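Residue numbering for the sequence shown follows this note's numbering, starting at 1 and increasing by one per position.
No residue lacks a Cβ here, since even glycine has one placed at the ideal position from N, Cα and C.
These figures come from a predicted structure and were not determined experimentally.
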Amino acid sequence: MDIFDKCLEFTKVEDYKERGIYPYFFPISENYGPRVVMEGREIIMIGSNNYLGLTKDPRVQEAAIKAVEKFGTSCSGSRFLNGTYELHVELEARLAKFVNKEAALMFSTGYQTNVGAIYTILDKNSVVITDKTNHACLFDGILLAKGTNPGMVMRRYKHNDMDDLERVISTVDPELPKLIITDGVFSMEGDIVKLPRLLRIAKTHRARVYVDDAHGMGVLGKTGRGTLEHFHAFDDVDLVTTTFSKSFASLGGFVAGKAEVINYIKHFSRPLIFSAAIPPANTAAVLKALEIIESEPEIVHRLQQTGERMRREFTALGFDTGDSETPIIPILVRDYDKTFAFWKALFEAGIYTNAVVSPAVPADRSLLRTSYMATHTDKDLDQVLDTFKKIGKQMGII
Ligand SMILES: Cc1ncc(COP(=O)(O)O)c(C=O)c1O
């Protein structure tokens with residue numbers, strides 16, 4: 001036996017490549033926002049999380065360039081010791097205000113934000129209750145906490161099923177401290193957490209509530225403040241997190257909540273303390289993106305209207321879009337190989353989507369994940385719909 005045996009035996013990727021239907025790690029050679037160049041061809045991108053299209057906004061680009069000129073290309077260290085810049089401090093104050101919380105703390109990726117916050121908050125007496133389909137980094141934070149506190153309890157409830165949450169939480173010792181963790185918008189199928197009922201259950205059972213709003217911020221709410229704004233629930237959610245890699249056109253993330261809780265995370269979170277700070281260019285890009293979201297809510301509205309239009313038209317064509325309520329619109333194919341074949345046919349016709357199969361979703365929910373940008377033109381969207389209609393019919397999907 002050799003430690004690398006499993007690597008040498010892993011041939012599935014080569015099989016799919018030989019069949020010409022391997023859809024992952026596809027290089028982009030040029031990025032125009034809603035359109036990109038892949039394999040030398042211009043492709044309409046409906047597989048990105050650049051929801052507001054701000055990665056190509058000249059104001060955001062200029063802010064990043066200026067930050068490089070002023071501060072250099074890296075912070076060269078952790079926030080804890082030598083990597084905190086005034087830009088970080090300014091942005092944290094602005095972000096806390098954006099989500100109506102006392103304080104915010106940034107991490108270098110959205111993944112680290114959730115691992116770092118969850119791992120630090122949970123301890124040996126904690127009970128964490130989590131939606132089964134939450135993002136992997138929420139589970140990784142729980143697993144890291146469990147690794148250091150083996151006595152800690154994790155319970156899962158069925159996806160967005162509040163009856164099941166109630167059932168699960170009712171079996172937990174009422175005296176133990178509890179945290180309910182959920183995504184705001186679920187990343188694969190674009191459905192929104194049933195937050196009002198979740199909050200009532202949390203109140204009854206004296207549980208704290210943690211919402212990862214990676215796909216909600218910049219997307220939901222009248223002013224783009226996300227799931228909490230959508231449900232008018234800023235005061236009832238204890239901790240909210242998001243990533244900067246989606247609507248905020250950058251890299252990183254933040255957690256926001258009560259000042260004492262954020263201060264505790266700041267001083268005990270290993271993924272924060274033992275990793276380098278967000279580089280100046282990325283920090284300045286978020287600051288500018290935030291300024292644009294705050295001053296131009298019409299881009300958020302355009303994105304919301306685009307999501308509504310695409311969902312309406314896909315459904316009218318006969319596609320199954322699941323429970324999506326956001327600009328993330330799954331096209332359920334429900335078959336592993338057919339999902340890859342559909343992906344390939346669309347790609348050849350000039351449309352890039354994300355093929356999502358087990359274990360990311362249950363096998364009978366294999367899907368193409370489509371997602372839209374405020375900067376997609378009506379012409380882009382018409383072309384997407386026409387192509388889906390043609391290929392969907394040819395393949396017997398509609
Ligand atoms: C729901 C959710 N949370 C967190 C993350 C992690 O964010 P990042 O990619 O910025 O590390 C993602 C990224 O895909 C996500 O979808």
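Residue i lies in the alpha helix (DSSP H); which residues open and close that run?
i, result
"P280", "280-295"
"R270", "270-273"
"A145", "136-148"
"K390", "378-394"
"T339", "336-348"
"L8", "5-8"
"E18", "12-18"
So is the beta-carbon of residue i under 7 Å away from any non-hydrogen atom of ligand 1?
i, result
"S371", "no"
"H215", "yes"
"T339", "no"
"N114", "yes"
"T130", "no"
"D183", "yes"
"H267", "no"
"Y119", "no"
"G257", "no"
"Y111", "yes"
"H159", "no"
"S295", "no"
"S48", "no"
"S245", "yes"
"G218", "no"
"C75", "no"
"C137", "yes"
"G141", "no"
"G226", "no"
"S187", "yes"
"G190", "no"
"G20", "no"
"G322", "no"
"G53", "no"
"G83", "no"
"G253", "yes"
Let me check one thing: in DSSP terms, what residues is residue i bridge-paired to?
i, result
"L368", "I331, A355"
"Y157", "D131"
"A276", "S78"
If you compare alpha carbons, which of the options is closest to residue i?
i, options, result
"Y111", "L199, A104, D212", "D212"
"E294", "K97, A277, G184", "K97"
"G141", "F4, F347, S269", "S269"
"L367", "F319, Q394, I351, I391", "F319"
"G392", "I44, L381, A345, I43", "A345"
"F388", "D323, Y336, A316", "A316"
"P362", "R334, I180, E9", "R334"
"E86", "F71, G77, N100, K12", "F71"
"E102", "S371, E348, E92", "E92"
"K379", "S247, K17, F10, P34", "P34"
"P330", "M373, S187, V89", "S187"
"L303", "G221, I118, H159, C75", "G221"
"G350", "I44, L8, Y16", "I44"
"P196", "G224, L165, D173", "L165"
"T326", "L105, S371, T375", "S371"
"V255", "I118, S78, N50, V13", "I118"
"T241", "G184, G224, A276, A281", "G184"
"G20", "E260, V209, D337", "D337"
"M106", "G53, G190, F244", "F244"
Taking residue i as part of the beta strand (DSSP E), name the residues at either end of that continuous run.
i, result
"M45", "41-45"
"Y210", "207-212"
Is residue i near ligand 2, judged by its Cβ being under 7 Å from some heavy atom?
i, result
"D212", "What this structure holds is ligand 1, not ligand 2."
Shorter than 8 Å from the beta carbon of residue i to some beta carbon of chain D?
i, result
"M154", "The structure shown has no chain D; it contains just one protein chain."
### Query
Which whole runs of the alpha helix (DSSP H) in the region 171-204 are 4 residues long or more, in chain order?
195-204
### Task
Scan the region 227-264 and note each continuous alpha helix (DSSP H) run of 4 residues or more that stays entirely inside, going in chain order.
227-230
### Query
Taking the runs of the beta strand (DSSP E) that are 3 residues or longer, which of them lie wholly in the region 27-109?
35-38, 41-45, 103-107
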